[in-house]
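Just so you know, the sequences run in chain order X and U.
For the first sequence, position 1 matches number 2 in the numbering used here, and the numbering has no gaps at all.
For the second sequence, position 66 matches number 67 in the numbering used here, and the numbering has no gaps at all.
Structure first, commentary second.
Number of protein chains: 2
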Amino acid sequence: MPTTLTPPRMRIAEASERTGLSGHTLRYYEQERLFVNPVERDGAGHRVFSEEQIQWLLVCSKMRSSGMSLDHIRRYAELMRGGPATVGERYEILREHEQKVRDQLAELQAALDVIEHKIAFYAEQMAEGTADQAWRNGPNCSSPI
Amino acid sequence: MPTTLTPPRMRIAEASERTGLSGHTLRYYEQERLFVNPVERDGAGHRVFSEEQIQWLLVCSKMRSSGMSLDHIRRYAELMRGGPATVGERYEILREHEQKVRDQLAELQAALDVIEHKIAFYAEQMAEGTADQAWRNGPNCSSPI
DNA sequence: CCTTGACTTCGAGTCGACTCGAAGGCGTAC
DNA sequence: GTACGCCTTCGAGTCGACTCGAAGTCAAGG
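This is the structure in structure tokens:
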């Protein structure tokens, strides 16, 4: 079998490079049935990925980075295989995940507000020279600084 | 020993309620030396938390929810015990964490953009009736929908 | 033919932060 | 005095998603 593949198809090393997912992870994803279409094999039994699968992996990657579980991705992939009839359920899954992502954003933003507040407090402290009032309680600034 | 404590001090059940952290978690945090000041005990050996400790736990909670590790929180708590001399290092820790939170926000936002894009696509699909063109590839819309 | 290197399968190990449950102590209410 | 409920310590278990490593296969290059 050829050492290079006709362009839209590639082996695991390139798929790994393209997606930022390790080869181990790519195999794991196949085993977990996360692909919409089966991963093909060449004569040597090596995996061959299509461009479409790379795009799908990039989507998976975004879903993962926003906290979607492999369970949910698997379900979504199943629905993809189900064709147009499953569009409604796919939509629902995405809507649900969208809400989770918004919740996470809000949570992070709330934390960021606290962090910034403390940073500002410390910046002021440090500007005041090596002041010894590090333990004061200003308004809205209960001690755990 | 009294069944209720003088207001600013409370036992684990109330501390749990106030902070949203389970009693198990509160004990675990003490064991992990996450508190700035030692958790006191009453005559029966029960933990007694101060209002200040509740405030600190609320801060820890925000740090945790934004992904700060217990290791980093422990370090921060140590620095708190070190007094004013450690303000600079505390500032640095917060700055570093701030950046991580901003990175997470950006990552989530990028994922959200993809999700919204797909949601809009599906919404359109569904509006067009049960169209059978679910597999089309529009511009900027490579197939893994 | 032999080496090289990219690949294969398989099973086991890792990670942090909880989370749980068993066994027991203490003080109050009845 | 005994039942109750809240607390204690301790050690073990859980979770998902990797991550690793051993042992083996295959094709091409020299």
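Glycine included, each C-beta is placed from N, C-alpha and C at the ideal position.
Values in this document were obtained by computation on a predicted structure and should not be read as measured data.
query                                                                                                                    : result
Chain-ordered chain U contacts of X:Gly89 [CB-CB under 9 Å]                                                              : Tyr123 and Met127
Three-way DSSP call (helix, strand, coil) for X:Phe50 in this model                                                      : strand
Short CB-CB distance (under 8 Å) between U:Thr64 and chain X                                                             : For the record, residue 64 of chain U in the displayed sequence is Met; it is not Thr. Yes, U:Met64 lies at the interface with chain X (some Cβ there is under 8 Å from its Cβ).
Where the stretch 89-112 of chain X meets chain U: residues whose CB sits under 9 Å from a CB there                      : Gly89, Arg91, Tyr92, Leu95, Arg96, His98, Glu99, Val102, Arg103, Gln105, Leu106, Glu108, Leu109, Gln110, Ala111 and Ala112
Partners in chain U for X:Val49, counting only beta-carbon separations shorter than 8 Å                                  : Those within 8 Å of X:Val49 in chain U number zero; the least Cβ separation is about 17 Å.
Min CB distance U:Val40 to chain X below 8 Å                                                                             : no
Proximity of U:Gln105 and U:Gly44 at Cβ, strictly below 8 Å                                                              : no
is_contact[U:Glu31, chain X] using C-beta, thresh 8 Å                                                                    : no
DSSP three-state assignment for U:Met81, whether helix, strand or coil                                                   : helix
Span of the alpha helix (DSSP H) around U:Met127                                                                         : Val88 to Ala128
Chain U residues whose Cβ lies nearer than 9 Å to that of X:Ile74                                                        : Neighbours of X:Ile74 on chain U: none; closest Cβ ~11 Å, over 9 Å.
C-beta neighbour in chain X for U:Ser17, strict 8 Å                                                                      : no
Alpha carbon of X:Gln32 to alpha carbon of X:Val49, nearest angstrom                                                     : 15 Å
Simplified DSSP state of X:Met11, which is helix, strand or coil                                                         : strand
Reduced DSSP secondary structure (H/G/I, E/B, other) of X:Arg75                                                          : helix
Neighbourhood of X:Val37 by C-beta distance below 7 Å, restricted to the same chain and skipping five residues each side : Trp57, Ala78, Met81 and Arg82
Closer than 8 Å to chain X by CB, U:Glu117                                                                               : yes
Distance between beta carbons of U:Gly21 and U:Ser62, contact taken as under 8 Å                                         : 7 Å
U:Ala112, buried or exposed, once every other Cβ within 10 Å from all chains shown has been counted against 16           : buried
X:Gln126 classed as buried or exposed, judged by whether at least 16 other C-beta atoms fall within 10 angstroms         : buried
Rounded C-alpha distance that separates X:Arg103 from U:Glu117                                                           : 11 Å
According to DSSP, residues forming a beta bridge with X:Glu41                                                           : X:Val49
Three-state secondary structure (DSSP) of U:Met69                                                                        : coil
Exposed unless 16 or more other CB atoms sit within 10 angstroms - verdict on U:Tyr30                                    : buried
Neighbour-count burial assignment, U:Ala14, 16 or more Cβ in a 10 Å radius                                               : exposed
Length of the line joining the Cα atoms of X:Leu27 and X:Pro9                                                            : 18 Å
Member of U:Ser66, U:Arg19 and U:His73 whose CA lies at the smallest distance from the CA of U:Arg34                     : U:His73
Proximity winner among X:Phe122, X:Glu93 and X:Lys119, relative to U:Tyr123 (alpha-carbon distances)                     : X:Glu93
C-alpha distance - U:Gly84 paired with U:Glu97, whole-angstrom precision                                                 : 20 Å
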